[in-house]
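Chains as they are written, first to last, in the numbering used here: chain S, 2 to 357; chain C, 2 to 357; chain Z, 2 to 357; chain X, 2 to 357; chain U, 2 to 357.
Worksheet: one structure, shown below.
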Amino acid sequence: MPGKTGTAKKRSAKTGLPPGFLIHIGEKHSEKAKITLREYDETYFREKEISTLDGVLPSSDRAGVAWIHIDGLQEIHLLEQMGSVFNLHPLILEDILNTEQRPKSEDHDEYYYIVLRLFCEDADDGFVPEQISIVLGSNWLISLQEKEGKLLDPVRERLRNEKGRLRRAGADYLAHALLDVIVDSVFPVLDKFGEKIEILEEKLVGSPSPKTLQSIQTLKREMIFLRKSVWPLREMIGGLARSDSSLIHESSVIYFRDIYDHVVQVIDTIETYRDMLSGMLDIYLSSVSNRMNEIMKVLTLIATLFMPLTFLVGVYGMNFKYMPELEWQWGYFVLWGLMIVTAVVMLFYFKRKKWL
Amino acid sequence: MPGKTGTAKKRSAKTGLPPGFLIHIGEKHSEKAKITLREYDETYFREKEISTLDGVLPSSDRAGVAWIHIDGLQEIHLLEQMGSVFNLHPLILEDILNTEQRPKSEDHDEYYYIVLRLFCEDADDGFVPEQISIVLGSNWLISLQEKEGKLLDPVRERLRNEKGRLRRAGADYLAHALLDVIVDSVFPVLDKFGEKIEILEEKLVGSPSPKTLQSIQTLKREMIFLRKSVWPLREMIGGLARSDSSLIHESSVIYFRDIYDHVVQVIDTIETYRDMLSGMLDIYLSSVSNRMNEIMKVLTLIATLFMPLTFLVGVYGMNFKYMPELEWQWGYFVLWGLMIVTAVVMLFYFKRKKWL
Amino acid sequence: MPGKTGTAKKRSAKTGLPPGFLIHIGEKHSEKAKITLREYDETYFREKEISTLDGVLPSSDRAGVAWIHIDGLQEIHLLEQMGSVFNLHPLILEDILNTEQRPKSEDHDEYYYIVLRLFCEDADDGFVPEQISIVLGSNWLISLQEKEGKLLDPVRERLRNEKGRLRRAGADYLAHALLDVIVDSVFPVLDKFGEKIEILEEKLVGSPSPKTLQSIQTLKREMIFLRKSVWPLREMIGGLARSDSSLIHESSVIYFRDIYDHVVQVIDTIETYRDMLSGMLDIYLSSVSNRMNEIMKVLTLIATLFMPLTFLVGVYGMNFKYMPELEWQWGYFVLWGLMIVTAVVMLFYFKRKKWL
Amino acid sequence: MPGKTGTAKKRSAKTGLPPGFLIHIGEKHSEKAKITLREYDETYFREKEISTLDGVLPSSDRAGVAWIHIDGLQEIHLLEQMGSVFNLHPLILEDILNTEQRPKSEDHDEYYYIVLRLFCEDADDGFVPEQISIVLGSNWLISLQEKEGKLLDPVRERLRNEKGRLRRAGADYLAHALLDVIVDSVFPVLDKFGEKIEILEEKLVGSPSPKTLQSIQTLKREMIFLRKSVWPLREMIGGLARSDSSLIHESSVIYFRDIYDHVVQVIDTIETYRDMLSGMLDIYLSSVSNRMNEIMKVLTLIATLFMPLTFLVGVYGMNFKYMPELEWQWGYFVLWGLMIVTAVVMLFYFKRKKWL
Amino acid sequence: MPGKTGTAKKRSAKTGLPPGFLIHIGEKHSEKAKITLREYDETYFREKEISTLDGVLPSSDRAGVAWIHIDGLQEIHLLEQMGSVFNLHPLILEDILNTEQRPKSEDHDEYYYIVLRLFCEDADDGFVPEQISIVLGSNWLISLQEKEGKLLDPVRERLRNEKGRLRRAGADYLAHALLDVIVDSVFPVLDKFGEKIEILEEKLVGSPSPKTLQSIQTLKREMIFLRKSVWPLREMIGGLARSDSSLIHESSVIYFRDIYDHVVQVIDTIETYRDMLSGMLDIYLSSVSNRMNEIMKVLTLIATLFMPLTFLVGVYGMNFKYMPELEWQWGYFVLWGLMIVTAVVMLFYFKRKKWL
């Protein structure tokens, strides 16, 4: 579970700093930031790497859309430049750098600020959350990501190849396309969870061990973390769909509502998984009790079988001078017979009590 | 529990595709889609199988209602045709094909889109959810189902035979009739649950086993799944009843309110079953504890009875040279007497402690 | 718990029938329906049994109130007659017959439809819910009950004898009087619950048994059922008190608010009982654990006392040729002394550990 | 827990009576009711016991405030007189007499009716709830209490002595002063709870017994009862603070908001106590489990130590003709050595397993 | 957990006093109060200690901001002076002195009253909550703190040194700066919690003991206390951000929204910690059960192994006259072989049952 308890740890480093003071909260990556400018409208599409943000702001009367994508947040001067070129509020720059942000969207009249988390699977079967910030203007959009990744490639591909709605529509539709990809990035993560839960269930039925419990708890906790990331999306995307901002055209609203449906579906699945994990905990605990019962049964069986017999042989091990049975010729064999009968009767009794 | 963890698995296959891209999410059925057109008003009723949707859109000034029912979603070109003939938004076509949809209704001014799940009992005592989509226009209605089924037959029958309200009223009343049948399809499923719960209860009282627990958990989980399908109906049908869409006549509103009552009744029953299942889990766990107590009692009884006696016979099995009791003529019998008294006293003590 | 799992079973028989199709859902009673017409105003009071509903609808300009009370719902033609005489919506007739209805009230402009449940104690210490429907018109009121009962007698008595508000006021005040009696019918049921809970508590403290647990669970479940019947009353009576229907005079509103207070009091008590029952479950479970501890203590005590002693006597039962102690004259008595000391020390140790 | 299950019992006695029918629900007190009239404004203060309510209603143009306080509710004719003199609604008189009322406030235009519960500590460490009703008019206030008590003395004192705001302000401020004292009467009760919880916690850590559990449950239940009394206050006092009644001057609103803050503080504390009691239950249950573990450890230790040794001495107690060890001169001592080594090894093993 | 159960104890001392009666609720500090006046605008900054509040109220047409900070609340006459100089409502003075106040903000038109709690770490790894009151006027701000502390130093520093927004903006921005520092003071506390939780988790996996449980419960309770302090902040800061008070300029609103985001982040983290602690309790309880299972396994193993063997050697310790095996020359060794085989078979059986 990345960033779990680390959240506050890093965050507390900012205590006492003035708002708008830019400091990067999160893992440092040594590589330089990489800026890609994509300009397009229905008829043309240009894509180039740039090193400065000066002059990228398109004039408001130009038709096309300019999409600036920045990978890497460590160059603070770049963000300051961005702030002055696009006239962004200092608090937004601060939020972009604080990568422990809660998903939210803010309407600043001139632009819309959206921050949320996408999920990449990592090497060892887990997932890495990554914060992505989107600033949506009238005919431009800035997206900022901590690390370069392939998750947004489908959008890039659609921009390059197809002459579809994405090229015809405005920056708001581009924002939708990005949000769609980001929200959908949770589905493979949920898949993984589903598989893990299924494997755990088989283990639970087969041979539950304290390790199984630990796995359940780990899953539960990852679920808590995932839930924390996804729940605010509901409100946020819902807000976008209901927004009366001039930046979001009415024809795009239905697309945001579509993403909203996805978010609700994700939340439904998370809640279902939570319920299932709770049920598994109950099963685990009762299976521990059942094993205890099994063990106790064996112990009781053995004790009940051998204690009376041991008593009997003890009796005839006594050294009293006058013990008539000892003198009988068949005494020993009679005793054996008695003991076997006793044992058989007891086993029969256990059988009837369903202990065997 | 069908589709449970599979939801995300299949869903994640869509990640990265543009909205409106048509891909069938769900089980594939190889049969060809079957389209049935039913046209009716108070005086006539026509029913025929058709193979194309061209020309089925009735002109808006015609009096009767056209009901197009499609069984099978695998022919994507058919849906594209439907989209262009009835001028439907691409996202709706996408939703129709994605058979893991959350129940919802959307007002698109020109038409109303409703998607929900009906429940068929299957061979082995379970139930199969099936998604059904309804598009309601001014004087037409399209219903789409994954597989041909008999669940909607009552509506078809009522259309054919009776000269009742259904033939006189508009397409909105037909939508109501379909929703009514679909919502009512949950009642037999709830019946099954009720019966299973009753059987489980008898088992719980009689002879609870780890299997009983597993059955409880299975029921609980199926309940979670059912609940997930039914809860959104409340909001959705409530929305229809409160809707100010021109597609739903005021005289039909009371009928939607009636369905709303059914949904609330279903939800009430589901919540009651959930509470009952929780109570059963408590009973199971405490019955496991009680059995443990029973077993421990037997063990303790045997041990307490025979340990002192075994000690006594051990004493007189010692080989000390000078042990006066051994020389007594009646020593052996006195000891037997002593041991029997001890045992009787102990049994009496256990009796008083209610261990016997 | 009457009707619990039966709800859906009977209800599902209606699946597929058109709305407004009249079929009686509930227990059949063979007796004929009995209709009583009571007409009254401040000055006169008439009461007679009638056999048809034709002509009972008072003209809207007449001053008095006509109260039609029907016992027994099995004569469907009577309900159809009622529907046409009072011009009731078919869905209301359907709701009246479906005796598994959720309490609700509906404003149909011309009349107000109210359905709820009253509670009669039955022979063996339980309670029987019975559905009662009330249709309130401008100067008439129809009440329908499954079986003839005495619960409404106080209202009848007040009508006959007193020249109080009930005779002076309109049909809405009669509706209030009926609702008041019906809601108050829950109080004796709650009494019974209170007594049962007190008895259970004494048993819990005295001698808890698996039976006690079962009683707790039974009570819990009856509580769930009762709660399900009472909760919707809150919304429903609250709705009546806030209603702006012309059928409910402003001067009556305060009386409905009074009933609302009663409902809230009932709900409060139910919630308190639920909390108490939950607490009892905790006590039961921990008392089971405590008994286990008691049993284990006895076993451990016995084993710890006799195992070392048995070992000791075993030692001197060995047949080694050279065992010096066996030759000692007082060896046997020394050993007895040693064993008694060991036992006393152990008992002392247990005393200090509070096991005795 | 006073009045707990008795609530419904007494309440059900009223079932079937018409609204406004006056019957005293609650404990009977034999003493006569005592009426005290206090009249005051900034300049004068009069206080006298009266025996009739006739003529106490001040004319609405008089400046001062008349406060009528009644101790004892058993004289129903007095309440009827009050009803006619102050023109109160019969339902209010009924509510005053029903001392199992839920706290609430009602705006009757001409007057404001408030009913709530104050808490007196009783002799044996518990608390006695007592219902108090307040009717607030334009320049008069009636307060009714079941028994004479000292809780309102501070208000009386402030009226007599000080020339403060209370004498200058109107009847609404007097209502505030009374509510303030009543709400604050919960704080000492909460104190007691806090102390009891602390004592219980020490016991839990020291020596938990089934009695401790019972104390926890008793506290929990008293908390439920207290909560039931206090929760409605939130809504009620909040309603007073937001009220637009002409009876409550705008300058008094802030004082009601102050009481509202107290209520919220009380509720916060109650919720905290509830959480703490839940935590204590968990600790108790796990401490029972821990004791069981301790006991089992002792048993296992003894059994594991002595069973092998007893087996060994049993071996050499056998009577085989040819057992070479028996003939060895040092056999006995070698065996003793072997047994001691075995025991030491086992103890060491237990030590390492942390069982000792 | 400071002040936990003490809350009501101290608070109840006020019962019966008139509102506005000034009495200091909380720990007494003997030092004299210290008043610091800071006056500043964009161009100048003055800071001095003063001993009286007379004359510090700046005229409303002056440009700069006056910030009066008071450390120590014990000098009641000072508060009275403050009340008269700044024309504050007596209830506010009362609230300032009652240091068990729930966080809240009140709009009094002329000024805004804010009270909340900051958190200082104390010597032994805990945290000390301290109440801070802020009164925000048009161009002045009063802050009151119980004890002198360093937590507000960053604001003081920013005032002294920088020519930033803080010096240019008005008193509302100063209020924001203080609230920002105060809210952020929770982050280090959360850090501590995070570390403690991590340590506890390691212990849980390694060697859980009853002490671990106690630590979990202590953390849980501290969390309850922290939560109680932080939850109301959400509503309060949200209220400030939505406020239409003329005291808060529109350009400051976004800064309050920023604090709101911090509060939500804190609450999210607290809820996550709560969930984690609940999970840890489950793990602890099941690890106790697992240990019990381990112990029982050992006991059962030993008993099952040695009971049959002890029985066997008992058999050949009997003194029957005619026991053929005793006469056999190799009888003893055959028995040893038999016993070893028995033991091996049993161990093998345990191995297969996974008890070893």
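Ideal placement from N, C-alpha and C gives every residue a C-beta, glycine not left out.
Given the structure is predicted, the values throughout are model-derived calculations rather than measurements.
#1: Over what stretch of residues does the alpha helix (DSSP H) that includes P130 of chain U continue unbroken?
#2: For the alpha helix (DSSP H) containing F321 of chain U, list its first residue and its last residue.
#3: At a Cβ threshold of 8 Å, is H25 of chain C touching chain S?
#4: Do L92 of chain Z and P155 of chain Z have their CB atoms nearer than 8 Å?
#5: Exposed or buried, which one is Q330 of chain U when buried takes at least 16 other CB atoms within 10 Å?
#6: Using the DSSP secondary-structure output, state which residues sit across from K105 of chain Z in a beta bridge.
#7: In whole angstroms, what separates the C-alpha of T273 of chain S from that of G195 of chain S?
#8: Interface residues of chain S around K322 of chain U at Cβ under 9 Å?
#9: Give the C-beta separation of R222 of chain U and M83 of chain X to the nearest angstrom, bearing in mind that I take them to be a contact with Cβ-Cβ under 8 Å.
#10: Closer than 8 Å by beta-carbon distance: list the chain C residues that pair up with Q218 of chain Z, in chain order.
#11: DSSP beta-bridge partners for E122 of chain X?
#12: Among C:K151, C:R292 and C:I69, which has the Cα closest to the Cα of D123 of chain C?
#13: In chain X, which residues lie with their C-beta within 8 Å of the C-beta of R292 of chain U?
#14: Count the other CB atoms within 10 Å of the CB of A9 of chain S; is the residue buried (16 or more) or exposed (fewer)?
#15: Helix, strand or coil, according to DSSP, for V57 of chain X in the structure here?
#16: Give me, in chain order, the residues of the same chain whose beta-carbon lies closer than 6 Å to that of V136 of chain X; leave out the 5 immediate sequence neighbours on both sides.
#17: Measuring CB to CB, does I36 of chain X end up less than 8 Å from I71 of chain X?
#18: Where does Y41 of chain Z fall in DSSP's three states?
#19: Would you please verify whether the beta carbon of A304 of chain S is less than 8 Å from any beta carbon of chain U?
#20: Give a yes or no on whether 8 Å exceeds the smallest Cβ distance from K352 of chain U to chain S.
#21: If you measure from the beta carbon of I71 of chain U to each beta carbon in chain S, is any gap under 8 Å?
#22: Considering only C-alpha positions, which residue in the set Z:L98, Z:V254 and Z:F226 is nearest to E107 of chain X?
#23: Starting from S216 of chain Z and walking both ways along the beta strand (DSSP E), at which residues does that stretch end?
#24: What three-state label does DSSP hand K35 of chain S in the structure shown?
#25: Any beta carbon of chain Z sitting closer than 8 Å to that of P130 of chain X?
#26: Taking CB distances under 8 Å as the criterion, tell me whether G165 of chain C reaches chain Z.
#27: In or out: W337 of chain X buried (at least 16 other Cβ within 10 Å) or exposed?
#28: For R47 of chain Z, report the span of its beta strand (DSSP E) as first-last.
#29: Between which two residues does the alpha helix (DSSP H) carrying W337 of chain Z extend?
#30: Residues of chain S with CB under 7 Å from G315 of chain U, in chain order?
#31: A172 of chain U by DSSP, collapsed to three states: which one?
#32: Quick check: the Cα distance between S246 of chain X and K193 of chain U, rounded to an integer number of angstroms?
#33: What first and last residue would you give for the beta strand (DSSP E) that runs through A85 of chain X?
#34: Suppose the cutoff is 8 Å on Cβ atoms and the five residues either side in sequence are ignored; what does the same chain contact list for V129 of chain S look like?
#35: CB Y317 of chain C to CB E328 of chain C, shorter than 8 Å?
Based on what the coordinates show:
#1: Taken as a continuous stretch (DSSP letters only), P130 of chain U belongs to no alpha helix (DSSP H), being part of the beta strand (DSSP E) at F128 to L137.
#2: Segment: none, F321 of chain U is in no alpha helix (DSSP H) and carries neither H nor E.
#3: no
#4: no
#5: exposed
#6: Z:V116
#7: 10 Å
#8: L327, E328, W329, Q330, G332 and Y333
#9: Wrong, their Cβ atoms sit about 50 Å apart, outside the cutoff.
#10: For a Cβ distance threshold of 8 Å, residue set G280, D283 and I284 of chain C lies close to Q218 of chain Z, ordered along the chain.
#11: X:F128
#12: C:K151
#13: N294
#14: For A9 of chain S, the predicted structure reports a pLDDT of 40, less than 50, and the residue's modelled location is therefore unreliable. The matter cannot be settled from this model.
#15: coil
#16: Y112, Y114 and I143
#17: yes
#18: Under the three-state reduction of DSSP, Y41 of chain Z is assigned to strand.
#19: Interface residue, yes.
#20: Not one chain S Cβ lies under 8 Å of K352 of chain U.
#21: no
#22: Z:V254
#23: Careful: S216 of chain Z lies outside any beta strand (DSSP E), inside the alpha helix (DSSP H) at P211 to R243.
#24: Here K35 of chain S carries a strand assignment [DSSP, helix/strand/coil].
#25: no
#26: yes
#27: exposed
#28: F46 to I51
#29: G332 to R353
#30: T311, V314, G315 and G318
#31: In the structure shown, A172 of chain U sits in a helix (DSSP, three-state: H, G or I).
#32: 50 Å
#33: Rather than Ala, the amino acid found at residue 85 of chain X in this sequence is Ser. Here S85 of chain X belongs to no beta strand (DSSP E); instead the alpha helix (DSSP H) covers I77 to V86.
#34: P3, F120, C121, E122 and D123
#35: no
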